[in-house]
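Q: Okay, here's the structure, questions in a sec.
Numbering (the working numbering), first residue to last: 1 to 188.
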């Protein structure tokens, strides 16, 4: 068993070294390394963008914006934390900024997308689909706070900084989201 632990540790160390080599290559302008980094992380970035926007098209656009900004800002990554942790924070911040820019368009389109999401989840009939559809129905600020706090594990202080709101507002939005979800799912 100790041998297996050493193998796992060696593989983990190799993966970290390999990732740092890849990041260093991207920082030096290597486009093939950037493409590899993109292929490695696009799923995670898109997933977070989708949870924050609850809209496929907006999530795709936001994920694209994340990778555009990543190319420009990869030099800011110093290796003090795991790259995936740093990228998660960058993705959250860029997506929230992107949503602010798109607010008018989102307000006009959200009801249409929301109805489509509800019809889709009703057809599937699963609890997870129902919950996802209800989260998608939440008002924008409540949805973002709910996703960041309940799903992504951010503290209210961090959410408040990202969204430029008071900590109390973040907590209130989270409470509002929980209350709406309970009501919509028949728990009240």
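Glycine included, C-beta positions come from ideal geometry on N, C-alpha and C. Computed from a prediction, not measured in an experiment: that's the story for all the values here.
1) Less than 8 Å separating the beta-carbons of residue 38 and residue 67?
2) If you follow the alpha helix (DSSP H) that residue 144 is part of, which residue opens it and which one closes it?
3) Our contact map puts residue 95 next to residue 52 with C-beta atoms below 8 Å; I'd like the distance itself, whole angstroms only.
4) Which term fits residue 159, buried or exposed, when burial requires 16 or more other beta carbons within 10 angstroms of its beta carbon?
5) Let me check understanding here. Comparing Cα to Cα, which of 153, 143, 151, 187 lies closest to residue 172?
6) For the structure I just gave you, are there three or more beta carbon pairs, one from the stretch 130-138 and one from the stretch 74-94, closer than 8 Å?
7) Should residue 175 go down as buried or exposed, given a rule of 16 or more other Cβ atoms within 10 Å for buried?
A: Looking at the coordinates:
1) yes
2) 140-146
3) 5 Å
4) buried
5) 143
6) no
7) exposed
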